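In order, the protein sequences belong to chains A and B. Read in order, the letters of the first sequence are residues 1 to 367 in my numbering. Read in order, the letters of the second sequence are residues 368 to 734 in my numbering.
Protein chains: 2
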Amino acid sequence: MDFSFSIQSQEQRARAGRVATPHGCFDTPAFMPVGTNAAVKAMTPEEVKETGAQILLCNAYHLYLRPGQELVRDMGGLHKFMNWPAPILTDSGGFQVYSLAPLRKIDDGGVTFRSHIDGTEQRFTPESVMQLESDLGADIIMCFDECTPYPVTREYAERSIALTSRWAERCRRAHARKDQALFAIVQGGVFQDLREQSARELIDLDFPGYAVGGLMVGEKKELTWPICQAVTDILPWEKPRYLMGVGTPEDFLNGIANGIDMFDCVIPTRLARNSHLLTWSGRVSVKQAQYREDKRPPDENCQCYCCRNYTRAYLRHLFQAGEILASRLATIHNLTFFQDFMKRCRREIAQGTFYEFRRQWFQQQGE
Amino acid sequence: MDFSFSIQSQEQRARAGRVATPHGCFDTPAFMPVGTNAAVKAMTPEEVKETGAQILLCNAYHLYLRPGQELVRDMGGLHKFMNWPAPILTDSGGFQVYSLAPLRKIDDGGVTFRSHIDGTEQRFTPESVMQLESDLGADIIMCFDECTPYPVTREYAERSIALTSRWAERCRRAHARKDQALFAIVQGGVFQDLREQSARELIDLDFPGYAVGGLMVGEKKELTWPICQAVTDILPWEKPRYLMGVGTPEDFLNGIANGIDMFDCVIPTRLARNSHLLTWSGRVSVKQAQYREDKRPPDENCQCYCCRNYTRAYLRHLFQAGEILASRLATIHNLTFFQDFMKRCRREIAQGTFYEFRRQWFQQQGE
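Okay, here's the thing in structure tokens:
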């Protein structure tokens with residue numbers, strides 16, 4: 001097993017550490033840019049690395065539909081196919097089946113659904129998803145789960161976590177490649193006791209890492225963090241915890257404060273393509289008329305390629321003209337900002353000042 | 368005057384040389400990538416440079432409409448605005464007014480037209496275009512001309528070249544920035560004697576360089592090259608000649624064989640975004656099913672970033688998935704191929720084997 005996690009410093013519930021995988025290490029808390037179709041949108045792998053990213057996420061569901069798992073396998077696996085030699089995590093498709101696929105039908109064996117691309121009928125089972133993620137060849141792979149919808153009845157959520165636990169056990173049995181670390185996903189909707197039950201059942205199966213899934217799917221944020229904390233309080237301290245599909249800098253601060261080590265989200269790349277830049281002094285929606293003659297870089301505190309070389313006025317012009325370069329430069333900036341933010345969190349934890357940094361950040365946001 | 372042209376080798380009508388400008392030199396025969404909106408589509412300036420490009424072209428008409436000449440001037444001129452420190456040429460808008468703008472009305476003073484973006488009425492005169500190109504700040508700027516349409520009557524073409532000559536004289540008088548070299552544009556449609564007359568009138572005005580405009584606008588290719596040759600036979604040997612808006616590798620071979628030194632065209636960037644790669648062994652339309660599992664790079668004889676790192680199978684997948692990276696990688700390749708092709712032409716001229724190379728190329732294409 002080439003996978004390990006070491007915690008290097010901690011402050012209350014927050015931890016800073018390092019995960020080792022067959023394709024190298026990454027520091028935690030970590031933000032993983034999303035490479036849905038085996039490419040981070042608008043970026044080359046070298047540019048993604050330049051932002052400071054050490055691991056990225058690819059979507060098993062999307063790659064299953066296009067170009068297909070056999071092709072990726074025959075091309076030497078994801079790392080080689082997409083020219084990214086560093087760590088990769090693949091999700092299991094559980095969330096995409098829930099959020100994208102029409103006519104989804106769940107039974108105890110698996111899920112039958114229609115492709116959102118061409119409408120063809122497809123089926124995922126725990127075993128087929130393990131084969132899929134094996135063919136893709138990521139360093140960290142996720143169990144196939146049911147992403148409990150929101151809102152649901154308590155009865156539904158009970159059945160759902162039981163299913164996710166049975167599927168996790170089947171995934172563990174079907175998991176063949178020992179160079180891939182298999183993480184389990186805690187579900188349970190907004191029911192704290194069900195979340196705890198889900199976590200305990202998965203802990204009994206002894207995975208090298210655990211994810212919290214099915215949060216931030218529509219529930220009020222007041223519900224999110226208590227549930228997250230209830231789960232991380234139970235999860236083994238020495239194993240990495242991954243909060244799936246999250247989020248914003250504020251979400252990172254709350255997640256880290258609740259013991260989360262890994263995050264992924266399309267927010268920085270999607271906002272960038274829509275001309276929204278996240279900076280240390282707030283959001284810059286660079287298409288706005290106020291930036292027409294603005295000679296400043298997007299963020300004066302940023303050392304990314306975009307901020308070193310271009311003005312807000314030029315970026316605004318590129319967005320107005322519909323130039324691809326606009327999306328590229330904005331994506332470079334946003335991903336760099338997210339990585340810089342994570343670096344800052346790691347440093348604050350090491351210094352024992354993370355909770356103070358968090359307090360100040362929220363105070364500044366509230367101003 | 369910081370502008371000079373030196374011919375370093377020649378073979379019959381073909382010449383290899385070097386042009387010096389205030390922002391550096393470029394070798395001829397030269398291919399200028401097109402940066403319509405102050406950006407070569409999908410590329411950063413560093414990537415454009417990496418393809419081997421030494422000069423690029425920007426469109427005065429587009430920049431006049433958006434973001435406006437005052438803004439570019441206030442941002443320090445085109446070089447600084449777009450982060451391209453090397454030579455730039457701006458066209459005069461004559462061709463775009465002809466090809467893009469609706470409700471065009473030409474009088475002796477200038478052209479009144481409507482913006483193709485928002486329909487507002489605009490007017491170009493030789494004097495206003497000189498101010499426009501002065502504000503943009505390129506190293507080589509073009510006279511405002513009438514691009515004679517095709518087909519036209521001989522009478523129309525006669526009036527048109529007279530107008531272009533009068534405008535050229537007004538441009539020369541209005542041309543204020545001595546750090547910008549002003550080129551004149553020979554027109555005259557497909558009438559060889561009118562082309563010769565246009566060339567002679569412009570030569571009398573003594574410009575540092577001359578362009579051949581209004582070719583490849585719909586006329587048969589059998590007409591194109593005899594007219595090009597008739598013009599270049601008259602143009603002063605010691606000054607650079609620029610064939611505007613051309614073209615393909617075959618066009619370069621014919622243009623160079625007729626004494627042309629500079630070319631620009633959107634073909635390599637536009638074809639790239641439509642998934643067509645130009646290679647030393649022909650066109651690879653990489654979206655085709657035959658490339659689905661093709662592990663070869665787009666061009667095995669190419670050393671560009673795309674060909675060094677990616678397979679045709681991956682490119683095909685990116686195009687299928689609509690990823691921006693697809694356009695980027697294909698553009699890097701096509702622009703590199705065009706620059707490599709020009710380098711090859713320069714080497715063949717230096718060796719005195721250009722016409723033989725040209726013969727072999729056409730023979731290979733005919734196979």
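Positions of the beta carbon are idealized from the N, C-alpha and C atoms, including for glycine. All values derive from a computational prediction rather than experimental measurement.
Under 8 Å between C-beta atoms of residue i and residue j
| i | j | result |
| --- | --- | --- |
| GLY460/B | ALA427/B | yes |
| VAL553/B | TYR523/B | no |
| GLN12/A | HIS62/A | no |
| GLY110/A | PRO85/A | no |
| ALA230/A | GLU201/A | no |
| THR636/B | PRO400/B | yes |
| HIS542/B | MET497/B | yes |
| LEU277/A | ASN334/A | yes |
| THR646/B | PHE704/B | yes |
| ARG539/B | LEU572/B | yes |
| LEU530/B | ASP475/B | yes |
| ASN309/A | ASN450/B | yes |
| ARG15/A | ASP261/A | yes |
| PRO454/B | GLY402/B | no |
| CYS228/A | PHE183/A | no |
| ASP465/B | PHE81/A | Reading off the sequence shown, one finds Tyr at residue 465/B, where the question assumed Asp. Against a cut-off of 8 Å, the Cβ pair of PHE81/A and TYR465/B comes out as no contact. |
| ASN37/A | ALA688/B | yes |
Residue i versus residue j - alpha carbon distance
| i | j | result |
| --- | --- | --- |
| ARG481/B | ARG316/A | 24 Å |
| ASP294/A | VAL633/B | 30 Å |
| GLU146/A | GLU238/A | 26 Å |
| PRO469/B | SER495/B | 20 Å |
| THR90/A | ALA39/A | 13 Å |
| GLY626/B | GLY580/B | 15 Å |
| PRO67/A | LYS472/B | 52 Å |
| GLY612/B | PHE630/B | 7 Å |
| LYS287/A | CYS302/A | 19 Å |
| GLU500/B | ASP27/A | 51 Å |
| CYS304/A | THR51/A | 7 Å |
| SER652/B | SER642/B | 6 Å |
| ARG329/B | ARG679/B | This structure gives no information on residue 329/B, because the portion of chain B shown stretches from 368 to 734. |
| SER160/A | GLY188/A | 7 Å |
| CYS741/B | ALA548/B | This structure does not reach residue 741/B, given that chain B is present from 368 up to 734, and the question cannot be answered. |
| GLY486/B | GLY444/B | 26 Å |
| ALA138/A | PRO575/B | 60 Å |
| THR112/A | GLU300/A | 50 Å |
| VAL374/A | THR153/A | Only positions 1 to 367 of chain A appear in this structure, which leaves residue 374/A out of reach. |
CB contact check: residue i to chain A, cutoff 8 Å
| i | result |
| --- | --- |
| PHE686/B | no |
| MET399/B | no |
| GLU488/B | no |
| ALA680/B | yes |
| ASN450/B | yes |
| MET442/B | yes |
| SER371/B | no |
| GLU667/B | no |
| GLU660/B | yes |
| LEU467/B | no |
| LEU438/B | yes |
Short CB-CB distance (under 8 Å) between residue i and chain C
| i | result |
| --- | --- |
| MET709/B | Protein chains A and B are contained in the structure displayed, whereas chain C is not. |
Chain B contact for residue i (CB, 8 Å cutoff)
| i | result |
| --- | --- |
| ALA138/A | no |
| LEU253/A | no |
| ASN309/A | yes |
| THR44/A | yes |
| PRO297/A | no |
| ALA39/A | yes |
| LEU325/A | yes |
| ARG66/A | yes |
| LEU271/A | no |
CB-CB length for residue i against residue j, believed under 8 Å
| i | j | result |
| --- | --- | --- |
| ASP306/A | ILE332/A | Reading the sequence as shown, one finds Cys at residue 306/A and not Asp. CYS306/A to ILE332/A, Cβ: 5 Å. Contact. |
| ILE234/A | CYS345/A | Contact flag wrong, Cβ pair sits at about 23 Å. |
| PHE398/B | MET709/B | 5 Å |
| SER327/A | ALA53/A | Their Cβ separation, rounded to whole angstroms, is 17 Å, which puts SER327/A and ALA53/A out of contact at 8 Å. |
Worksheet item: Mind pulling the beta strand (DSSP E) runs of 3 or more residues that sit fully within the stretch 205-250 of chain A?
Response: 210-212 and 241-243
Practice prompt. Report the residue ranges of all beta strand (DSSP E) runs contained in full by the stretch 645-704 of chain B; include only those spanning at least 3 residues, in chain order.
Written response: 649-652
Worksheet entry | 3-residue-minimum beta strand (DSSP E) runs that sit fully inside the stretch 44-92 of chain A, ordered along the chain | 56-58 and 88-90
Discussion item. I'd like the ranges of any beta strand (DSSP E) spanning at least 3 consecutive residues and lying wholly in the stretch 14-43 of chain A.
Written reply: 14-21, 24-28 and 30-32
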